[in-house]
Every structure is written in structure tokens, then in C-alpha cells.
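Enquirer: For the sequence shown, the positions run 44 to 343 when this note's numbering is used. Backbone N, C-alpha and C define an ideal beta-carbon position, used for all residues, glycine too. Sharing a structure, written as C-alpha cells. Questions coming.
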Amino acid sequence: MGAVHETRGGVYTVRLDDGRRVDASLRGRLKQSPGHVVIGDRVAVANEGETWTIESVEERSTGLMRRGRSGAAPKVLAANLDRVFAVVALTAPAATTELIDRLLVLIESSGMHPMLVLNKLDLDAGARAALGPLTELYESVGYHTLPVSAKSGEGLEALRTELCRGTSALIGPSGVGKSSLLNALDPALALRTGELSGKSGTGRHTTVSSRLIGLSCGGFVADTPGFGDVALWGVAPEDISGCFPEFGNAEPCRFRVCTHLHEPDCGVRAALTEGRIREERYRSYKKLYEEAVEAAAPNY
Ligand SMILES: Nc1nc2c(ncn2[C@@H]2O[C@H](COP(=O)(O)OP(=O)(O)OP(=O)(O)O)[C@@H](O)[C@H]2O)c(=O)[nH]1
Ligand SMILES: [Mg+2]
Ligand SMILES: [Zn+2]
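Next comes the structure, spelled out in C-alpha cells:
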């Protein structure tokens, strides 16, 4: 047995339970759906001499999913993760609450509760100014936030403590500093990092494939390619509200099935009116709900 640590062009690098790394290909039956073996998957392998094959894949405990671009097949980013970090930059490129909410909901919909990493704290006064409101908002709805700077090293100890246990993934837009953070924690990694494009200040998709990286402290972490857009995949509209932890504290709605958009006696909208649910968060909910309805058409 082992875990898939890297995939590229039909070659799967598997870290065997005894610590050896081998390159394997898929057994015929599994080849029908090559995208279905992803990093983090637990696999059974067999070998004839130096030639290794993946014989079967174990059922996943979790699978982080995102929608492929314009109708492309869904992508599982990584399987069997212990922790996921939503990484954004306080500035260059500045994160909006909508973007953060999309990342958080994407992770929540995979059954995991993310932590929020706010990077580039060193950059300018704007970064410090953005930090207070974002920390206040996300801590108040139940997310642990980690303000950090890959450049100055501020806050990195807290992140290191989290990443050194089990298997984690960093996800977020291109250019926010996911690879830079890992380099700062473990300089020997020497991961490629990218310049921001001058005009838009967005990243250039420097990291192009996901792999699990062994940190010298013992943890494994997936450095993933930055998202161009963050779209949910296969999340039913009625499951979106469960991805907003604070909605669970609202009074029950009159109808057991409630969209929280227009029904009478809706507990979520009552909490919104009373300020117990924040407007930004409700706005993100509405947007994601409407997108999920569109994606699920024509059944809805
Ligand atoms: N000032 C400052 N710059 C940073 C920090 N972290 C990253 N950067 C810069 O931001 C740019 C993008 O960093 P990357 O680490 O390549 O970003 P990424 O999230 O891995 O991007 P993709 O691989 O494209 O998804 C580089 O120019 C880094 O030097 C930081 O904490 N402070
Ligand atoms: Mg990167
Ligand atoms: Zn409701």
C-alpha cells in the first residue's frame, strides 16, 4: 500500500508505506478514468521487478472538488486530506470577501473545515488596514485566521505547527504566495514562485501541477496551482447553506426546506436583519446558491 504523491502524464509517483518512492502506471481497468486517481489517494500496488502498477484505489475519506473550466470535467484536487488552508493575499492581489467565501464554501462542501491564511502582511499599509476587518469577520463566523508574511516570516510559526502534522493542502488564487509560504517554511524545497503580472496584479499560474511535498518537520502538504476562477462542482443548491457555519445558529425556518431567499418566517433572514448574520456573507450565499441552481439545471 502507499499514497499517490504526484501525477503527470499517466505516471503516478507513489510513496509506499515503507517510505520508498516508486513510479507506477494504472492497471487496465483503472485507465478508463485516469483523472480518478489523484494525489492523496491510498492505493494498492504490485510490481514485476522494477515495473510498478496501481491495482486498486481505496475509498476516499474526503475529496476536494472544483469545477473544470467552462463545462470541463470536475477536478478532484486532492484526496484524504487532514486539513485545508484557504490562502489569499491581503493586497497584491487584494482578496474580496466574495473570493474568500467561495474558497471556504468549496472546502466546506468537501466536508472539511478550512483555516484562512492571510498572506503578504509585510507589503504595505493597505495590507495591515485590510487585516483587521477580515480577521474580525471570519473569526466571528468560526474560522481560524492566520495572518502571515512569506517575506518577513511574521506568523509563520503558527502555520508551521499546523502543516507539520498529517497531510494538508494550500488552495487559493494564483499569485497569493502559496509556494512562497512553503519555501519560507522549508527553504530546501526551492519551489518555483512567480512574478505578478504588471497590469492586473494577478498571478501567472506558476505552479502547474499538484503534488504532495514532504516537509522536513514530517508533514505532507499539497502545493496546488492557483485557481483562475473558483467554481463549485456538484454541490446541490440546498447544501450551500450548510457551508456557512453561522447559518446553523439561526432560529429554525418555518419551512424545513427553505432557500433563505424569499420564504416567510425564515430564520436566516431574521438573523440577517438583526445583524447576527453579516451582509457580505449573506450576499455570497445568495450568489453561490444561484450559481448552484444554474449548474444543476434542468433539474431545478
Ligand atoms: N511582499 C510579499 N510578497 C510575497 C509574499 N508571498 C509571496 N509574495 C510574492 O508574490 C508572488 C507570487 O508568489 P507565489 O508563491 O508564486 O504564488 P502562488 O500562490 O504559489 O501562485 P501560483 O503558483 O501561480 O498559484 C511572488 O512574486 C512572491 O515573491 C509575501 O508575504 N510578501
Ligand atoms: Mg505556486
Ligand atoms: Zn430560511
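Just the Cα atoms here: how many angstroms apart are residue 94 and residue 71?
Expert: The alpha-carbon atoms of residue 94 and residue 71 are separated by roughly 14 angstroms.
Enquirer: Just tell me which of 86, 338, 162 and 140 has its CA closest to the CA of residue 277.
Expert: It is 338 whose Cα lies nearest to the Cα of residue 277.
Enquirer: Where are the beta strand (DSSP E) runs, 3 residues long or more, that stay fully inside the stretch 248-275, in chain order?
Expert: The stretch 248-275 contains these whole beta strand (DSSP E) runs: 254-257 and 263-266.
Enquirer: What residue range is occupied by the uninterrupted beta strand (DSSP E) comprising residue 319?
Expert: No beta strand (DSSP E) holds residue 319; DSSP gives it neither H nor E.
Enquirer: Per DSSP, residue 159 is paired with what?
Expert: Answer is 129 and 188.
Enquirer: In terms of residues, what are the limits of the beta strand (DSSP E) holding residue 212?
Expert: Where residue 212 is concerned, the enclosing beta strand (DSSP E) stretches over 210-214.
Enquirer: Report, in whole angstroms, the separation of the C-beta atoms of residue 148 and residue 331, which I expect to be a contact under 8 angstroms.
Expert: Rounded, the Cβ-Cβ distance is 6 angstroms, consistent with contact.
Enquirer: Counting C-beta neighbours from all protein chains within 10 Å, is the total for residue 51 16 or more, i.e. buried, or is it exposed?
Expert: The residue in question, residue 51, is exposed, as its Cβ has fewer than 16 Cβ neighbours within 10 Å.
Enquirer: If we count the other Cβ atoms within 10 Å of its Cβ and call it buried at 16 or more, is residue 62 buried or exposed?
Expert: Under this definition residue 62 is an exposed residue.
Enquirer: Which residues share a DSSP beta bridge with residue 58?
Expert: Partner(s): 46 and 64.
Enquirer: Taking 7 angstroms as the line, does the beta carbon of residue 250 fall inside it for any heavy atom of ligand 2?
Expert: It does: the Cβ of residue 250 is within 7 angstroms (strictly closer) of some heavy atom of ligand 2.
Enquirer: Once DSSP output is grouped into helix, strand and coil, what is the label at residue 226?
Expert: Residue 226 falls in the helix class under three-state DSSP.
Enquirer: Taking the C-alpha atoms as reference points, what is the distance between residue 196 and residue 241?
Expert: When rounded, the distance between both Cα atoms is 25 angstroms.
Enquirer: Would you call the stretch 283-292 and the stretch 179-187 in contact, with 3 or more CB pairs under 8 angstroms?
Expert: Enough Cβ pairs lie closer than 8 angstroms, so yes.
Enquirer: Can at least three beta-carbon pairs, one atom from the stretch 198-217 and one from the stretch 257-272, be found at a separation below 8 angstroms?
Expert: With a cut-off of 8 angstroms, the stretch 257-272 and the stretch 198-217 count as touching, because enough Cβ pairs lie within range.
Enquirer: With 16 as the cutoff for other CB atoms within 10 Å, does residue 343 come out buried or exposed?
Expert: Residue placement at residue 343 is flagged as unreliable, the pLDDT there being 49, under the threshold of 50; the coordinate-derived value follows with that caveat. With fewer than 16 other Cβ atoms within 10 Å, it is exposed.
Enquirer: Determine, using beta-carbon pairs with one atom in the stretch 303-320 and one in the stretch 233-252, whether at least three such pairs fall under 8 angstroms.
Expert: These segments do not touch.
Enquirer: Assuming residue 258 and residue 228 form a contact by the criterion Cβ under 8 angstroms, report the distance between their Cβ atoms to the nearest whole angstrom.
Expert: About 7 angstroms; that satisfies the 8 angstroms criterion.
Enquirer: What does DSSP give as the partner residue(s) for residue 146 in the beta ladder?
Expert: Paired residues: none, contrary to the question.
Enquirer: Going by beta-carbon coordinates alone, are residue 88 and residue 67 separated by less than 8 angstroms?
Expert: For residue 88 and residue 67, yes; Cβs fall inside 8 angstroms.
Enquirer: Please look up how many angstroms separate the CB atoms of residue 194 and residue 130, rounded, as I've assumed it's under 8 angstroms.
Expert: That pair is no contact at about 14 angstroms.
Enquirer: When you compare only the Cα positions, how much space is there between residue 251 and residue 217?
Expert: The alpha-carbon atoms of residue 251 and residue 217 are separated by roughly 10 angstroms.
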